[in-house]
Amino acid sequence: MKLSICTDVMGNLSFTEMLDNCVALGVEGLEMTGGGWSKGPHFRADELLADKGLLKKKLAEIEARGLEIAALNCSANPLDPGAMGERHLKEMEQTIRLAGEIGVKKIVTMSGLPAAAPGDSVPNWLVYTKSWPDEMPERDRYQWEDCAFPLWHRLVKLADEVGVEKYALENFSAMLVWNPETLFRLRDEVGPKVGLNLDPSHLFWKGACPIAAARALGDAIHHVHGKDTRIERGLADVNGLLELKEVTDVANRAWNYVAVGAGHDLQWWKEFFSVVRMQGYNGWVSLEMEDFTMSTEAGIQSSIDALQQTISR
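UniProt numbering puts the first residue of the sequence shown at 1, with every later residue one more than the last.
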């Protein structure tokens, strides 16, 4: 495995400064974030598709530093029933086309989340029982069969056309695909080009074990994020793990995203990467840093130190 970094975390830096910082940090790859919810300025698909000279220049800067593009990331909700969904889908498709043009084989993205019924104006994450009330089975069927399946058949076809080999869907909340079981529901319909971006941080706060999830996924692991979560002692015991407070309100949340090693010790991470490797994944591990308990710089360095000691080479 090799270490890469999600470039969003350095969105305040120029492209050149970001690359030089990555070299100084000792990472080998870049998970280029752009489009969807990302505000990262470094590798916007629409801009680069329109300006081939700029694209060539940026690729040359990456190569000159001995770095590789691990994946293109477009974290988005292409199934949102409003204008945002239209924009996100357009930017996802641009990202896919850009990947095909520059020979990047993997797209890190999200499955999307639609409304629960035709005519609804907002996405609806249906994570309560599917059997009651009586209308729930139809809402579930609508989201998957009428919305998600047709879209992902279309995106798989586009990937085939441009030469993209893998979609890695992040197991994020408020998405149809948020754990291994939901990943396989989509994968069984549209095929093995769709797999999971196995992000332990989200599974922790959902009460799942990422190591067990890795075993269940097998070759459906298409990408891995190095990101940790700490369940906060005492607070989670009172209110549970469904946390609605702002992510910056770290002192009062039941759980927080933290630097790698600040939630689970290095022995845990060694076992996790060992099991992931046992399942056949020997690709990139991308640091995604969202620890608001410390400075960004400290969180990045601490996480890189931990990942360098634990990923399976």
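Ideal placement from N, C-alpha and C gives every residue a C-beta, glycine not left out.
By DSSP, does tryptophan 125 sit in helix, in strand, or in coil? On the sequence shown, position 125 is the one that residue 125 refers to. Of the three classes helix, strand and coil, the one that applies to tryptophan 125 here is coil, per DSSP.
Please give the ranges of any beta strand (DSSP E) in the stretch 64–120, keeping only runs that are unbroken, at least 3 residues long and fully inside the region. 68–74, 106–109
Hey, how far is the Cα of residue 321 from the Cα of glycine 36? Look at the range of the chain in this structure, 1 to 313, and you will see that residue 321 is not part of it.
Residues near alanine 24 in its chain [Cβ-Cβ closer than 7 angstroms; skip 5 each side]: As a position in the sequence shown, residue 24 is number 24, starting the count at 1. The answer is none, since no qualifying residue turns up.
Length at least 3, wholly inside the stretch 259–289: the beta strand (DSSP E) runs in chain order: 284–287
Hey, would you say alanine 71 sits closer than 8 angstroms to alanine 214, going by beta carbons? Translated into positions along the sequence shown, residue 71 becomes position 71. Translated into positions along the sequence shown, residue 214 becomes position 214. No.
Three-state secondary structure assigned by DSSP to tryptophan 132: Sequence index remark: in the sequence shown, residue 132 carries index 132 (1-based). Three-state result, tryptophan 132: coil.
Roughly how many angstroms separate the alpha carbons of proline 123 and methionine 175, rounded to a whole number? Looking up residue 123 in the sequence shown gives position 123. Looking up residue 175 in the sequence shown gives position 175. For proline 123 and methionine 175, the distance between alpha carbons rounds to 9 angstroms.
With contact counted as at least three CB pairs below 8 angstroms, one residue from each stretch, are the stretch 143–158 and the stretch 106–115 in contact? yes
I need the boundaries of the alpha helix (DSSP H) containing valine 238, first residue and last residue. Residue numbering aside, residue 238 sits at position 238 when the sequence shown is read from its first letter. Where valine 238 is concerned, the enclosing alpha helix (DSSP H) stretches over 235–239.
Assign arginine 253 to one of three DSSP states: helix, strand, or coil. Residue 253 sits at position 253 when you count from the first residue of the sequence shown. Reduced to three states, the DSSP call for arginine 253 is coil.
My output table needs one value for threonine 248: the three-state DSSP class, helix, strand or coil. Stepping through the sequence shown from its first residue, residue 248 is reached at position 248. Threonine 248 falls in the coil class under three-state DSSP.
To which residues of the same chain is aspartate 8 closer than 7 angstroms at the C-beta, ignoring the five residues directly before and after it? By 1-based counting over the sequence shown, the position of residue 8 is 8. These residues qualify, in order along the chain: Thr33, Ser38, Gly40.
Are the CB atoms of arginine 230 and tryptophan 255 nearer to each other than 8 angstroms? Residue 230 sits at position 230 when you count from the first residue of the sequence shown. Residue 255 sits at position 255 when you count from the first residue of the sequence shown. Yes; because the gap between Cβ atoms is below 8 angstroms, this pair is in contact.
Under DSSP, the alpha helix (DSSP H) around valine 190 begins and ends at which residues? Walking along the sequence shown from the start, residue 190 turns up at place 190. From DSSP, the alpha helix (DSSP H) with valine 190 extends over 180–190.
In the DSSP output, which residue or residues are listed as bridge partners for arginine 230? Taking the sequence shown and counting its residues from 1, one reaches residue 230 at position 230. Paired residue(s): Asn256.
Only counting the same chain, and skipping five residues up and downstream in sequence, which positions put a Cβ closer than 6 angstroms to that of glutamine 143? One-based indexing of the sequence shown puts residue 143 at position 143. Result list for glutamine 143: Pro114, in chain order.
Let me make sure I understand the geometry here. Which of Gly53, Lys245, Glu181, Ala236 has the alpha-carbon closest to that of glycine 218? The count along the sequence shown starts at 1 and reaches residue 218 at position 218. The option with the nearest alpha carbon to glycine 218 is Glu181.
For my contact list, alanine 259 and serine 201 are in at a C-beta cut-off of 8 angstroms; report their separation, rounded to the angstrom. Sequence index remark: in the sequence shown, residue 259 carries index 259 (1-based). Sequence index remark: in the sequence shown, residue 201 carries index 201 (1-based). No, alanine 259 and serine 201 are not in contact; Cβ-Cβ is about 11 angstroms, not under 8 angstroms.
Roughly how many angstroms lie between the CA atoms of methionine 10 and aspartate 291, to the nearest whole one? Mapped onto the sequence shown, residue 10 falls at position 10. Mapped onto the sequence shown, residue 291 falls at position 291. Their backbone Cα atoms lie some 14 angstroms apart in a straight line.
Nearest-angstrom Cα distance between glycine 191 and asparagine 252? Stepping through the sequence shown from its first residue, residue 191 is reached at position 191. Stepping through the sequence shown from its first residue, residue 252 is reached at position 252. Taking the straight line from one Cα to the other gives about 42 angstroms.
Assuming the contact rule is C-beta atoms closer than 8 angstroms, asparagine 73 and valine 108 should be a hit. Round their C-beta distance to whole Å, please. As a first step, residue 73 is located in the sequence shown; it is residue number 73 there, counting from the start. As a first step, residue 108 is located in the sequence shown; it is residue number 108 there, counting from the start. Between valine 108 and asparagine 73 the Cβ distance is about 4 angstroms, and since that is below 8 angstroms, they are a contact.
Check whether the Cβ atoms of serine 274 and serine 312 sit closer than 8 angstroms, and answer yes or no. Translated into the one-based positions of the sequence shown, residue 274 becomes position 274. Translated into the one-based positions of the sequence shown, residue 312 becomes position 312. Result yes, Cβ atoms of serine 274 and serine 312 sit closer than 8 angstroms.
For aspartate 120, which residues of its own chain have a beta-carbon under 7 angstroms away from its beta-carbon, when the five flanking residues on both sides are left out? Within the sequence shown, the letter at position 120 stands for residue 120. Excluding residues within five positions, the ones whose Cβ falls inside 7 angstroms are Pro81.
Reducing DSSP to helix, strand and coil, say where leucine 176 ends up. Position 176 of the sequence shown, counted from the first residue, corresponds to residue 176. Leucine 176 falls in the coil class under three-state DSSP.
Buried or exposed by the 16-neighbour rule on C-beta atoms within 10 Å, applied to alanine 220: Position 220 of the sequence shown, counted from the start, is the residue given in the question as residue 220. So alanine 220 ends up on the buried side.
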